[in-house]
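Working notes, beginning with the structure itself.
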Amino acid sequence: MNKFFIILFHTFFSKLKSKSFIISTIITAVIVAGIANIDRIFEAFEDRGGETEVVGVYDEEDEYISLLQEHLEPFSDQVMLTPLTGSEQDGMERLDNGEIDGLLSLTTGSDEMPDAVYRAKTVVNERAPQIIEQALQQVKVEVATARLGLDESTVEGIYAPVSFQTEATSDTARSEEELTQTRFLVNALVVVIYFSVLAYGNMIAMEVATEKSSRVMEILVSSVSPVKQMFAKIFGIGLLGIVQYMLIILIGYLSMRGSMESDGMIGDMFSGVPVVLMLYALVFFLLGYLFYATISAVLGSLVSRTEEVNIVITPLTLIVVVAFLISMFGLNAPESAIITVTSYIPFFTPMVMFLRVGMLQLPFWEIALGITVMVASIVLFAIIGARIYKGGVLMYGKVSSLKDIKQALALSKKES
4 MNKFFIILFH TFFSKLKSKS FIISTIITAV IVAGIANIDR IFEAFEDRGG ETEVVGVYDE
64 EDEYISLLQE HLEPFSDQVM LTPLTGSEQD GMERLDNGEI DGLLSLTTGS DEMPDAVYRA
124 KTVVNERAPQ IIEQALQQVK VEVATARLGL DESTVEGIYA PVSFQTEATS DTARSEEELT
184 QTRFLVNALV VVIYFSVLAY GNMIAMEVAT EKSSRVMEIL VSSVSPVKQM FAKIFGIGLL
244 GIVQYMLIIL IGYLSMRGSM ESDGMIGDMF SGVPVVLMLY ALVFFLLGYL FYATISAVLG
304 SLVSRTEEVN IVITPLTLIV VVAFLISMFG LNAPESAIIT VTSYIPFFTP MVMFLRVGML
364 QLPFWEIALG ITVMVASIVL FAIIGARIYK GGVLMYGKVS SLKDIKQALA LSKKES
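Each residue of the sequence shown is one higher than the last, beginning at 4 in the working numbering.
Okay, structure coming up:
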């Protein structure tokens, strides 16, 4: 057992100190912090380039400019209207000379509603015309309602959103509010499993292949059983993943804490998420990792060079991609037949079964069956995989898929 932990911690610390791990953690943390503060980043850039744009206005009948200025009052730091007199040609000259940033011509159309033409040297900057267009739309509504004799409360009632609620009649069905709150956790776990399998599965396969290519494996095999080696590497990389995720989650929480606490979002986000659902999230994540990590270690033992790792790992990667796509489809149709069937297929169970657990009120026997399928599959792949691994680590040469597996099993029998 001491040798098991020696290999485990050697794998953990060697990867922890590697440049690839440090760089990937920093990049991911920066991305998470950036997403958490995306609104502040946009505001910072807007403030730097947020000079007030001066727009000259020709109002043909002097009917709309005062109303337009009222509706633009909240945007006075971005757009300032300046009434112009004289001809439009004079206004064009002022625009060309840079005295104004834009030129707005207001007229009354054939429908007796305001029409507008906005001119500028370039139309790259759409901020001012968009703000003016929205304000002018409000002016149009105000003019139309005044002519029809409608009061303000009636207009507000017309534009108020319709009251529409959804209620589940089944006692076991989740409410719309519960689904909204659990959907975040379901999405998060599906994405975490997806990227964990791609990143850490490839890391395990690469670790095994690296030791084989350097002939270190031949020394290890003589002192430690291949089965111990395989699971020591799986748990070592798993421990590394836990540390990496804890760092990223901590950075994400610290980045979002200020704004979320002020808005009460932290409590609201998880208030409706049952504790048992979080436990299921942990269970299916660990089962998914062990399942795919075992297969990755076995595949890594079949290659002799690190350059060949991608060749053997690609089929597994494609399966994970399919599982991810099925899960994304299942978010909108968790009761569909394809979701139900695939939730009991080991390659898809970690993502799809947890999706069903989060989105539906499943009877316990279905959840237990899904967990049993995963545990049985892990044990089965561990037994078969250990034999393949035992022979595979002693094989050198080109990759030939099924032939390699047969040869690895044959070598395993000879060794035993």
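By construction, the Cβ of each residue, glycine as well, lies at the ideal position given by its N, Cα and C atoms. Being a predicted model, the structure only gives us computed values, none of them experimental.
Exercise for the section: Rounded to whole angstroms, what's the CA-CA distance from Ile298 to Leu319? Just pull it up for me. Expected result: 8 Å
Practice task
Check whether the Cβ atoms of Met209 and Gly291 lie closer than 8 Å to each other.
Solution key: no
Exercise for the section: Report the three-state DSSP secondary structure of Val127 (helix, strand or coil). Expected result: coil
Handout entry: Close Cβ partners of Thr148 (< 7 Å) along its chain, the five nearest in sequence each way excluded
Key = Val158
Problem - the segment 92-106 / the segment 70-81 touching (three or more Cβ pairs under 8 Å) - result: no
Handout entry: Limits of the unbroken beta strand (DSSP E) element including Ser108
Key = 105-111
Handout entry: contact_flag[the segment 234-254, the segment 30-44] where n(CB pairs < 8 Å) is 3 or more
Key = yes
Practice task
Look up Arg51 in the DSSP assignment and say whether it is helix, strand or coil.
Solution key: Residue placement at Arg51 is flagged as unreliable, the pLDDT there being 44, under the threshold of 50; the coordinate-derived value follows with that caveat. Note: Arg51 maps to helix in three-state DSSP.
Practice task
Sort out for me which residues DSSP pairs Gly59 with in a bridge.
Solution key: Thr85, Leu106
Practice task
Enumerate in chain order the residues of its own chain whose CB-to-CB distance from Gly112 is below 6 Å, with the five nearest sequence positions on each side excluded.
Solution key: Asp118
Problem - Coarse secondary structure for Asp114, derived from DSSP in three states - result: coil
Handout entry: Three-state secondary structure (DSSP) of Val120
Key = strand
Exercise for the section: Take Met362 and list the residues in its own chain whose beta-carbon comes closer than 6 Å to its own, dropping the five residues that flank it on each side. Expected result: Pro337
Practice task
Compute the beta-carbon to beta-carbon distance between Ala326 and Val211, rounded to the nearest angstrom, for a pair I have assumed lies under 8 Å.
Solution key: Not a contact, Cβ separation roughly 23 Å.
Handout entry: Inter-residue spacing [alpha-carbon to alpha-carbon] between Ser423 and Lys20
Key = Only positions 4 to 419 of the chain appear in the structure, and residue 423 is not among them; the question remains open.
Handout entry: Rounded straight-line distance, which links the Cα of Ile314 to that of Val306
Key = 9 Å
Exercise for the section: Between the Cα of Ser27 and those of Phe45, Tyr203, Leu107, spot the shortest distance and give me the residue it belongs to. Expected result: Tyr203
Practice task
To the nearest angstrom, report how far apart Ser107 and Asp114 are at their CA atoms.
Solution key: The sequence shown places Leu at residue 107, not Ser. Approximately 20 Å between the Cα atoms of the pair.
Exercise for the section: With a 10 Å radius around its C-beta and 16 neighbouring C-beta atoms as the bar for buried, classify Gly160 as buried or exposed. Expected result: exposed
Handout entry: Nearest-angstrom Cα separation, counted from Gln137 out to Glu73
Key = 13 Å
Handout entry: Contact under 8 Å by Cβ, Pro349 with Phe287
Key = no
Practice task
Could you round the C-beta distance between Leu243 and Lys6 to whole angstroms and report it? I think they count as a contact, below 8 Å.
Solution key: Actually they do not touch by this definition, with Cβ atoms about 19 Å apart.
Exercise for the section: Report back the beta-carbon spacing between Asn205 and Ile103 to the nearest angstrom; my notes put them in contact at under 8 Å. Expected result: The Cβ separation is near 59 Å, so there is no contact.
Practice task
Compare the C-alpha of Val127 against each of Gly105, Leu11, Val230, Leu109 and name the closest.
Solution key: Gly105
Handout entry: From Pro277, Ser23, Ile10, residue whose alpha carbon lies closest to that of Thr185
Key = Pro277
Handout entry: Beta-carbon proximity check, Ala296 vs Ile207, cutoff 8 Å
Key = yes
Handout entry: Cutoff 8 Å; reference Leu189; Cβ partners in own chain excluding five residues on either side
Key = The sequence shown places Val at residue 189, rather than the Leu named in the question. Cβ neighbours of Val189 beyond the five flanking positions: Leu334, Phe357, Leu358, Gly361, Met362.
Problem - Close-in-space but distant-in-sequence residues of the same chain around Ala123 (CB under 6 Å, 5 per side omitted) - result: Gly105
Practice task
Work out the CA separation of Thr31 and Val246 for me, nearest whole Å.
Solution key: 13 Å
Exercise for the section: Kindly indicate the opening and closing residues of the alpha helix (DSSP H) around Gly303. Expected result: 278-304
Exercise for the section: May I ask you to report which of helix, strand or coil DSSP gives Lys22? Expected result: helix
Exercise for the section: Confirm, please, whether the CB-CB distance from Leu84 to Leu426 is below 8 Å. Expected result: Limits of the chain in this structure are 4 at one end and 419 at the other, which puts residue 426 out of reach.
Exercise for the section: Measure the Cβ-Cβ separation of Thr110 and Glu145 and say whether it is below 8 Å. Expected result: no
Problem - DSSP-derived helix/strand/coil call for Asp65 - result: coil
Practice task
Assign Tyr162 to buried or exposed, taking buried as 16 or more other Cβ atoms, counted over all protein chains shown, within 10 Å of its Cβ.
Solution key: exposed
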